[in-house]
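For the record, in the sequence shown the residue sitting at position 80 is 216 according to this note's numbering, with numbers rising by one throughout.
Every residue, glycine too, gets a C-beta built ideally from N, C-alpha and C.
Computed from a predicted structure; not experimentally measured.
Note sheet for the following structure.
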Amino acid sequence: TSSPADEPVNEPVVFGQGAVVRVPALSPAVLAGLNATYNPGSGASGGVTSQAIFFATSVELELYNDEDVLIDELTLDADNWFFGDPDNYNGDNGENGNGENGNGAPAFRAFFPIEEGGSGFEIVAKVYNNKVVGTDPVVAGRSAPFTVQPGIGTPVSIIAEPVNPLNLGPGASSQSTSIAQIPYAFDPDWGGEGDGPDLVFADIGGEAWFELDLTGVGADSVIRVYGDPGGAADIIMFPYDHEGRLLDGRPALSWGFFPTALGGAGGTRGVIMGALPPEAIDVMKHMYIGLMLGNRNGSGATQSATIYFELLDRPFEEFDNAFARGDDADNFLALSIGEQVTQTVFMLESGGNGDGPAIHYFLLDGIDWSDEDLLDPLPITVTVTFDALETEHVLGMVDEDEDDEAPMLALAVGTGSAAVDFQPLEEGIFVAAMDPNYQVTEHPDGSTTITFVAQVDTSAVIDMAVIAVSSNFHGNEFTLSWTAPGEAIIIIE
Numbered sequence: 137t138s139s140p141a142d143e144p145v146n147e148p149v150v151f152g153q154g155a156v157v158r159v160p161a162l163s164p165a166v167l168a169g170l171n172a173t174y175n176p177g178s179g180a181s182g183g184v185t186s187q188a189i190f191f192a193t194s195v196e197l198e199l200y201n202d203e204d205v206l207i208d209e210l211t212l213d214a215d216n217w218f219f220g221d222p223d224n225y226n227g228d229n230g231e232n233g234n235g236e237n238g239n240g241a242p243a244f245r246a247f248f249p250i251e252e253g254g255s256g257f258e259i260v261a262k263v264y265n266n267k268v269v270g271t272d273p274v275v276a277g278r279s280a281p282f283t284v285q286p287g288i289g290t291p292v293s294i295i296a297e298p299v300n301p302l303n304l305g306p307g308a309s310s311q312s313t314s315i316a317q318i319p320y321a322f323d324p325d326w327g328g329e330g331d332g333p334d335l336v337f338a339d340i341g342g343e344a345w346f347e348l349d350l351t352g353v354g355a356d357s358v359i360r361v362y363g364d365p366g367g368a369a370d371i372i373m374f375p376y377d378h379e380g381r382l383l384d385g386r387p388a389l390s391w392g393f394f395p396t397a398l399g400g401a402g403g404t405r406g407v408i409m410g411a412l413p414p415e416a417i418d419v420m421k422h423m424y425i426g427l428m429l430g431n432r433n434g435s436g437a438t439q440s441a442t443i444y445f446e447l448l449d450r451p452f453e454e455f456d457n458a459f460a461r462g463d464d465a466d467n468f469l470a471l472s473i474g475e476q477v478t479q480t481v482f483m484l485e486s487g488g489n490g491d492g493p494a495i496h497y498f499l500l501d502g503i504d505w506s507d508e509d510l511l512d513p514l515p516i517t518v519t520v521t522f523d524a525l526e527t528e529h530v531l532g533m534v535d536e537d538e539d540d541e542a543p544m545l546a547l548a549v550g551t552g553s554a555a556v557d558f559q560p561l562e563e564g565i566f567v568a569a570m571d572p573n574y575q576v577t578e579h580p581d582g583s584t585t586i587t588f589v590a591q592v593d594t595s596a597v598i599d600m601a602v603i604a605v606s607s608n609f610h611g612n613e614f615t616l617s618w619t620a621p622g623e624a625i626i627i628i629e
């Protein structure tokens, strides 16, 4: 097949009575989930539907009648790419309806003429990626029967499933594979408030699919899948259900997946975890994980990765110091210097007492903020071990909406006589990314420890210090502790 960097012919599709077929060449779920755009051949500095498709360099389409007889077939490759609206870079891939080409993300468009119309037609799609070794399609699917009649347009979906996924489970298991990396670059305004993309893909890449055996999954089970890449590759994973439908539009990424200038790093562990909805436990006996590897240095070379799968027992538990994002915290758990505490972040709707993931609050107990001998600045070391360390844990905050952020891992100092009165100082909020020497240790059991130092300006009026911990993943267990130079700050009674 042609290289995706080749200039496509892009002949317009002539519509009549029949079946119009569109297949995204790049997954809209990937582009939207990563806020990415595609600029082929740009190198490292260049600037759909939720189905189990990542990349498509060619597609085979087969049309069957109501007697399951093959009546027509088409093969499309990169010469048949249709470039959509450039302003819709991670939306519908240019399904603008007017037959005109733009320079947005590409898709395949084709037309099966069915002059006599009728019912019971079905289309089979086989999707290939020439960056994946082998002659088999990567994913394939078959539509439900549909009817063609004059003057009536009927949308028909083809849900693709992986053809030869690697198997994982039940219990704890692992698989290693090699994948062609996706060269990409961060936009200079990464994380900004503009409408532009955060990432630019310079080329397509390979992909790998894994089928998880969900035997033994129960109401208290949490699924954890983590990947350790080789070299400087970045993990990108998406979860799909047993029928190839995307479960969550937010990808699982390497914890270092943010610009190097801010402390990000390639080659770091990526984790995805969560529980099945109660109504799906008896229905979903398997699910899929799609894996890609990005490379921030512009390399498209093949790189290795090992993927691990396990089921964790995480029955829902209420914590008095855990509150929904956006709610005021009226209780902090006092934590003495050197003391360790282990808690689990849950999606609060699972326990019926709130919405979304909880934020856990801890009061640093034992610091006399009025002591004249307090160091200035006062270095406070925070250490947390997570089942799943996320990018937002390093950056400290997560965007809730356009106007609000919620803490993921942050130490805040401020004033107040009680927990409910705590007012953090804006200049007194510290996160790992502010410490150029923050440290991360990936453990063999899949857990990951992050340690950072907050330099607290004790010349400011401070009465309290609080650590907030959260996660985007249901069932993410963490162990927290803190320390500081002891003899100058500990109250001796």
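For the 8 Å CB-CB criterion, G492 and R450 do not form a contact. If you draw a straight line from the Cα of S553 to the Cα of Q476, it is about 25 Å long. The way I'd put it, the stretch 194-207 does touch the stretch 250-258; three or more beta-carbon pairs between them come closer than 8 Å. Relative to M423, the option among E347, A470, N431 and L469 whose CA is nearest is E347. Here R386 is exposed. Its C-beta has fewer than 16 other C-beta atoms within 10 Å. When the Cα atoms are used, V166 and D504 turn out to be separated by approximately 50 Å. When the five nearest sequence neighbours on each side are left out, the beta carbons in the same chain lying within less than 8 Å of the beta carbon of Q153 are those of P249, I250, E251, G253, V284 and P286, in order along the chain. In the three-state scheme derived from DSSP, where H, G and I count as helix and E and B as strand, V530 is classed as helix. For V263 against A192, the beta-carbon gap comes to about 5 Å, under 8 Å, which counts as contact.
At a Cβ-Cβ threshold of 8 Å, A261 and A296 count as neighbours. When DSSP states are grouped into helix, strand and coil, A596 belongs to the coil group. With fewer than three CB-CB distances shorter than 8 Å, the stretch 579-591 does not count as touching the stretch 495-503. Straight through space, the alpha carbons of I259 and L212 are spaced by roughly 14 Å. Under the three-state reduction of DSSP output, L561 falls in the strand class.
For T478, the three-state secondary structure derived from DSSP is strand.
If you draw a 10 Å sphere on the C-beta of I288, you find fewer than 16 other C-beta atoms in it, and that means exposed. The beta carbon of E446 sits closer than 6 Å to the beta carbons of A308 and R360 from its chain, once the five residues preceding and following it are set aside; these are given in chain order. Assigned with DSSP and collapsed to three states, D215 falls in helix. Its chain contains A172, A180, L335, V336, F337, A338, G430, N431 and R432 as the residues whose beta carbon lies nearer than 8 Å to that of Y320, once the 5 sequence neighbours on both sides are disregarded; these appear in chain order. Judged by DSSP secondary structure, L167 falls within the alpha helix (DSSP H) whose first and last residues are P164 to G169. DSSP links E258 through a beta bridge to Y200.
Pairing F247 with M428 gives a Cβ-Cβ distance that is not under 8 Å.
Inclusion of G403 and Y574 in the CB contact set at 8 Å is not warranted, their separation being larger than that value.
With distances taken between CA atoms, E541 lies nearest to E562 out of A555, E562, A524 and G550. The residue from E578, V576, P560 and N265 with its alpha-carbon nearest to that of I603 is P560. In the three-state reduction of the DSSP assignment, L510 falls in the coil class. I372 and A596 have their C-alpha atoms some 42 Å from each other. Using a Cβ distance threshold of 8 Å, L389 and T527 count as a contacting pair. For A548, the three-state secondary structure derived from DSSP is strand. The C-beta separation of T594 from L514 comes to about 5 Å, placing the pair in contact by the 8 Å criterion.
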